[in-house]
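Heads up, the thing below is written out as structure tokens.
There are 2 protein chains.
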Amino acid sequence: MAIADNKRPRSTGRSRTTISDLAAHLGMAKGTVSRALNDYPDIAEGTRLRVRRAADALGYRPLAHAQAIRTGRVRSVGLVLQVNEHDGHRPFLADFLAGISEAASTADWTMTLATAASDQDTLRLMSKLADEQKADGFILPRTYLEDTRVSALLAGDVPFVLFGRTGDPRGCAWFDIESEAAMTEAVLRLAKLGHTRIGFVPGGPGYTYATLRRQGYLEGLKQAGLSFHPALISEPALNRVDGELAAQKLLSLDVPPTALVCSVDRAAFGAYDAAAALGLEIGKDLSVISYDGMPEGALLSPPLSTFSVDLRHAGARLTELLIRRIRGEAVEDLRDLAKARFLDRGSHGPPTRTPAELAHHVKHQWFPTGGRTK
Amino acid sequence: MAIADNKRPRSTGRSRTTISDLAAHLGMAKGTVSRALNDYPDIAEGTRLRVRRAADALGYRPLAHAQAIRTGRVRSVGLVLQVNEHDGHRPFLADFLAGISEAASTADWTMTLATAASDQDTLRLMSKLADEQKADGFILPRTYLEDTRVSALLAGDVPFVLFGRTGDPRGCAWFDIESEAAMTEAVLRLAKLGHTRIGFVPGGPGYTYATLRRQGYLEGLKQAGLSFHPALISEPALNRVDGELAAQKLLSLDVPPTALVCSVDRAAFGAYDAAAALGLEIGKDLSVISYDGMPEGALLSPPLSTFSVDLRHAGARLTELLIRRIRGEAVEDLRDLAKARFLDRGSHGPPTRTPAELAHHVKHQWFPTGGRTK
DNA sequence: AGAAGTTCCGAAACCGGTTTCGGCAAGATG
DNA sequence: CATCTTGCCGAAACCGGTTTCGGAACTTCT
Chain A
240 MAIADNKRPR
250 STGRSRTTIS
260 DLAAHLGMAK
270 GTVSRALNDY
280 PDIAEGTRLR
290 VRRAADALGY
300 RPLAHAQAIR
310 TGRVRSVGLV
320 LQVNEHDGHR
330 PFLADFLAGI
340 SEAASTADWT
350 MTLATAASDQ
360 DTLRLMSKLA
370 DEQKADGFIL
380 PRTYLEDTRV
390 SALLAGDVPF
400 VLFGRTGDPR
410 GCAWFDIESE
420 AAMTEAVLRL
430 AKLGHTRIGF
440 VPGGPGYTYA
450 TLRRQGYLEG
460 LKQAGLSFHP
470 ALISEPALNR
480 VDGELAAQKL
490 LSLDVPPTAL
500 VCSVDRAAFG
510 AYDAAAALGL
520 EIGKDLSVIS
530 YDGMPEGALL
540 SPPLSTFSVD
550 LRHAGARLTE
560 LLIRRIRGEA
570 VEDLRDLAKA
580 RFLDRGSHGP
590 PTRTPAELAH
600 HVKHQWFPTG
610 GRTK
Chain B
240 MAIADNKRPR
250 STGRSRTTIS
260 DLAAHLGMAK
270 GTVSRALNDY
280 PDIAEGTRLR
290 VRRAADALGY
300 RPLAHAQAIR
310 TGRVRSVGLV
320 LQVNEHDGHR
330 PFLADFLAGI
340 SEAASTADWT
350 MTLATAASDQ
360 DTLRLMSKLA
370 DEQKADGFIL
380 PRTYLEDTRV
390 SALLAGDVPF
400 VLFGRTGDPR
410 GCAWFDIESE
420 AAMTEAVLRL
430 AKLGHTRIGF
440 VPGGPGYTYA
450 TLRRQGYLEG
460 LKQAGLSFHP
470 ALISEPALNR
480 VDGELAAQKL
490 LSLDVPPTAL
500 VCSVDRAAFG
510 AYDAAAALGL
520 EIGKDLSVIS
530 YDGMPEGALL
540 SPPLSTFSVD
550 LRHAGARLTE
560 LLIRRIRGEA
570 VEDLRDLAKA
580 RFLDRGSHGP
590 PTRTPAELAH
600 HVKHQWFPTG
610 GRTK
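In the order they appear, the protein sequences are chains A and B. For the first sequence, my numbering assigns the number 240 to the initial residue and increments by one for each residue that follows. For the second sequence, my numbering assigns the number 240 to the initial residue and increments by one for each residue that follows.
Right, here's the structure in full:
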């Protein structure tokens with residue numbers, strides 16, 4: 240109560256110092272001040288310093304949108320997240336955003352975020368943000384082999400950078416994790432332990448990474464000198480249930496794999512379920528190596544061996560690339576790859592049974608009455 | 240290759256249609272067009288329609304920052320997330336963001352997001368965003384009883400809305416989940432099942448919710464007609480390890496509780512660990528009810544009974560309130576509470592032992608040699 | 001019919017910056 | 001010493017909107 244009622248003229252605050260105030264205070268033209276602050280070459284060094292000093296003495300902060308009206312840039316990176324879909328990266332969303340925010344902040348930029356419920360919604364939101372110039376460009380997470388966002392942005396001449404590769408890279412800047420190399424490494428590790436039949440659970444079709452990881456698996460077989468059996472590649476699985484089904488099917492083969500390489504952790508979780516149902520011990524009877532590095536994997540027994548991705552770094556790198564893209568650098572110079580880090584935990588080891596023994600065990604467990612119907 | 244080289248004058252695109260273009264096309268003054276589009280009362284209905292039609296015929300989209308220069312509003316809600324700290328809500332971050340984005344989008348606003356590494360960093364980022372007018376106001380997640388952000392924003396006359404309450408609500412708009420009511424309900428449910436000694440694991444001191452939940456616990460005891468024993472309130476626990484220690488200590492009391500109410504799920508996870516170490520079965524020997532609704536809780540055995548929060552709704556509501564705040568509504572009209580939803584799962588049931596029996600069991604298990612030294 | 005209101009729109013100022021242009025003064029050149 | 005540069009800054013236009021102001025045309029009232 241008391242004196243609290245000092246009725247200011249509504250949201251006046253102290254009206255900020257504008258560039259005109261600053262110019263008046265310095266006795267110069269405001270154009271000069273502007274050029275001084277923006278490092279134009281036709282300003283004397285002494286003047287530049289005087290201006291700068293006065294600027295922070297008066298606490299001058301240019302309005303981003305007032306600058307934008309002339310420069311056409313609001314210094315903001317756009318990000319449209321699609322939240323409906325499966326998302327192994329969801330636990331890391333905060334890290335990803337932190338990476339973007341940090342890199343943006345360093346360059347004196349900001350991030351404009353929106354969430355979409357569908358592909359179409361994503362396009363709509365991006366076009367709106369671009370039209371109103373709320374963002375100067377976009378980071379595109381989760382790329383498809385054929386990505387409608389890419390064609391739309393290319394057509395609209397809106398700068399962007401992909402997190403992931405795409406079918407036709409022309410006009411695209413991108414950053415990606417070499418997950419195919421991780422898959423190769425997984426196969427080689429397993430082969431070195433003595434596995435000769437190694438199954439593969441692919442990711443969602445359409446996504447670029449799914450194709451790449453499959454290639455990485457094949458490359459691993461080749462380097463290990465193992466022959467490829469199409470039957471050892473299951474149906475795609477992006478969640479626990481599908482992962483269980485996939486593993487179940489692979490393990491029911493006449494000559495089942497003794498090790499599984501999974502494209503995503505969630506599928507690997509399902510493989511644990513399948514193994515449990517069949518009375519198989521993970522890391523012994525069945526080895527599993529996966530990809531994503533989800534924290535839940537560490538809680539399983541045995542903990543899941545998987546490849547983890549530094550999403551904070553990814554966000555930061557993508558932001559740098561996007562800003563440089565917006566500033567006009569050629570896309571060919573704005574492409575980068577990083578490696579995934581292997582988390583060597585307990586879910587893989589030397590095979591304890593031959594495929595034949597494993598098949599016998601499975602058949603016995605799975606069809607206790609010996610039937611093979613259905 | 241081929242013809243691909245059509246060398247446009249760099250990022251020309253087709254230069255957007257401005258309000259002047261539109262005015263020229265209509266043969267009117269641009270001021271008139273602006274007023275027509277913004278529903279000024281001194282524009283004839285027919286004119287308004289003509290303008291609107293022409294606007295979407297030409298695909299006119301005003302530049303947000305060009306508007307802002309005069310209106311002083313960029314139509315953006317600011318959000319600064321602190322990512323270093325413990326965070327039970329982290330798995331729901333996407334939902335929270337989706338709620339904000341949706342509500343903002345509905346009002347034709349956007350969201351500007353930043354992440355900070357410390358309290359100080361948060362203040363710095365908010366002040367920068369506000370100064371540059373990249374955001375018109377802020378959503379403040381995770382409030383403290385004494386919140387430096389609140390005083391800073393009040394001093395700077397920057398609009399904001401709290402997610403959570405704070406010690407001194409003057410000048411504050413807020414939205415919160417009534418987690419104290421959830422705690423009360425938890426106690427009542429346990430009392431109804433026959434528990435008479437119910438322990439409480441508080442949340443982090445300083446946070447407003449911690450105090451409220453403690454009060455809710457006390458209120459529950461009171462309503463259930465149970466007497467309060469200070470020893471039944473443990474040290475604060477915000478993570479699994481501390482939760483385990485807290486539960487261990489409570490269970491080692493001479494007259495231990497047969498049920499635990501935990502302020503946060505993570506602490507409850509620790510209680511599971513403690514129970515396992517003591518050979519106690521959750522839901523039988525020890526009942527647990529918690530708060531947060533983290534998905535991991537459903538994977539425990541038995542699944543954790545907990546209160547879940549609709550963070551998408553929270554984000555949406557906060558955004559509505561903030562926008563109304565920015566538009567000048569009084570803070571007193573911008574306060575709202577919502578309820579948490581109880582997820583009735585397997586971690587609570589009637590007590591299978593009396594406190595005395597439980598104490599005996601614990602002592603036997605925990606000190607197999609009967610000693611009481613360290 | 002003239003005065004007084006209303007309705008509705010054009011013209012211009014304005015917001016806070018950036019960028020262009022031109023010119024003065026000092027230094028370099030012949 | 002005259003001229004040509006060059007360095008440096010002021011003045012003004014400009015960006016794309018919004019808001020104020022004033023007045024023409026049209027009603028309404030007396």
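For each residue, glycine too, the CB sits at the ideal point set by N, CA and C.
Q: Taking C-beta pairs closer than 9 Å, name the residues in chain B that R329/A reaches, listed in chain order.
A: Simply P330, L332, A333.
Q. Of all Cβ atoms in chain B, is any one closer than 7 Å to the Cβ of Q372/A?
A. True, the Cβ-Cβ gap to chain B drops below 7 Å.
Q) Under 7 Å Cβ-Cβ, which residues of chain A neighbour S529/B? A) Chain order gives no chain A residues near S529/B, where near means a beta carbon separation below 7 Å; the closest approach is about 17 Å.
Q | Sequence ranges, beta strand (DSSP E) only - wholly within the region 350-437 of chain B, length at least 3 | A | Taking only runs of at least 3 residues, the beta strand (DSSP E) segments lying wholly in the region 350-437 of chain B are 376-380, 399-402, 412-416.
Q. Which of helix, strand or coil does DSSP assign to H600/A?
A. Note: H600/A maps to helix in three-state DSSP.
Q) In the DSSP assignment, what residue or residues form a beta bridge with Q321/B? A) Paired residue(s): A355/B.
Q: Tell me whether D446/A sits in a helix, a strand or coil according to DSSP, three-state version.
A: One detail in the question is off: residue 446/A reads as Tyr in this sequence, not Asp. Here DSSP, grouped into helix, strand and coil, assigns Y446/A to strand.
Q | Cα-Cα separation between S526/B and L457/B, rounded to whole angstroms | A | When rounded, the distance between both Cα atoms is 18 Å.
Q: State whether the region 304-321 of chain A contacts the region 278-295 of chain A, with contact taken as three or more CB pairs (one from each stretch) at a distance under 8 Å.
A: Output reads no: the region 278-295 of chain A does not touch the region 304-321 of chain A.
Q.
So with CB distances below 7 Å, who are the chain A contacts of V313/B?
A. Within chain A, the residues whose beta carbon sits less than 7 Å from that of V313/B are H304, listed in sequence order.
Q | Selection from S540/A, S357/A, G433/A that minimises the alpha carbon distance to S586/A | A | The option with the nearest alpha carbon to S586/A is S540/A.
Q) Got a sec? Which residues, its chain only, sit under 6 Å from R479/B by beta carbon, not counting five neighbours each side? A) Leaving aside the five residues that flank R479/B on each side, the residues in its chain whose CB is nearer than 6 Å to its CB run, in chain order, R505, F508, G509.
Q: Give the secondary structure of S544/A by DSSP, where H, G and I count as helix, E and B as strand, and everything else as coil.
A: It is a strand residue.
Q: Quick one: using the 10 Å Cβ neighbour count with 16 as the cut-off for buried, is L538/B buried or exposed?
A: L538/B comes out exposed.
(Q) Just to confirm before moving on: does the CB-CB distance between P496/B and I565/B stay below 7 Å? (A) For P496/B and I565/B, no; Cβs fall outside 7 Å.
Q: Starting from V389/A, find everything on chain B with Cβ-Cβ shorter than 7 Å and list it in chain order.
A: The contacting residues do not exist; V389/A stays about 16 Å from chain B at best.
Q. Do you know how far the Cα of F377/A is from the Cα of M365/A?
A. Using only the alpha carbons, I get a separation of about 8 Å.
Q) Name the chain A residues that come within less than 8 Å of L368/B, Cβ to Cβ? A) Neighbours of L368/B on chain A, chain order: T349.
Q: Kindly indicate if chain A contains any beta-carbon less than 7 Å away from that of T354/B.
A: By this cut-off, T354/B is an interface position.
Q: With DSSP collapsed to three states, give me the class of L576/B.
A: Under the three-state reduction of DSSP, L576/B is assigned to strand.
Q: Give me the Cβ distance between L384/B and G445/B, rounded to the nearest whole Å; I'm assuming they're in contact under 8 Å.
A: Between G445/B and L384/B the Cβ distance is about 6 Å, and since that is below 8 Å, they are a contact.
Q) Considering only residues of the same chain and omitting the five flanking positions on each side of A226/A, which have a CB-CB separation below 6 Å? A) This structure does not reach residue 226/A, given that chain A is present from 240 up to 613, and the question cannot be answered.
(Q) Here's the rule I'm using: 16 or more other beta-carbon atoms within 10 Å means buried, otherwise exposed. How should R404/A be labelled? (A) So R404/A counts as buried.
Q. Is the beta carbon of A343/A less than 7 Å from the beta carbon of M350/A?
A. Yes.
Q.
Just verifying my parser: in three-state terms, what is the DSSP assignment at F467/B?
A. Coil at F467/B, not helix or strand.
Q) How would you call K373/A, buried or exposed, if buried means at least 16 neighbouring beta carbons within 10 angstroms? A) Result: buried.
Q: Check the DSSP bridge columns for S526/B and list the partner residues they point to.
A: Per DSSP, the beta bridge partners of S526/B are A498/B.
Q: Tell whether a beta-carbon distance below 7 Å holds between V500/B and I521/B.
A: In this structure, I521/B does not lie closer than 7 Å to V500/B by Cβ.
Q.
Out of G518/B, R580/B, A595/B, A353/B, which one is the CA nearest neighbour of A421/B?
A. Ranking the options by Cα distance to A421/B, first place goes to R580/B.
Q: Could you tell me the distance, in whole angstroms, from the CA atom of S547/B to the CA atom of Y530/B?
A: For S547/B and Y530/B, the distance between alpha carbons rounds to 7 Å.
Q: Could you confirm whether any beta carbon from chain B is found closer than 7 Å to the beta carbon of L336/A?
A: Yes - at least one Cβ of chain B is within 7 Å of the one on L336/A.
Q: Return the residue from the list D295/A, P589/A, L543/A that minimises the CA-CA distance to L582/A.
A: Closest by alpha carbon: L543/A.
Q | Contact set between I308/B and chain A, taken where Cβ atoms lie within less than 8 Å | A | Within 8 Å Cβ-Cβ: L302, H304, A305, I308.
Q | Burial state of A515/A, where buried means 16 or more other Cβ atoms lie within 10 Å | A | Here A515/A is exposed. Its C-beta has fewer than 16 other C-beta atoms within 10 Å.
**Q.** chain B within 7 Å of S273/A, Cβ atoms only
**A.** No, S273/A lies away from the interface with chain B (no Cβ there is under 7 Å from its Cβ).
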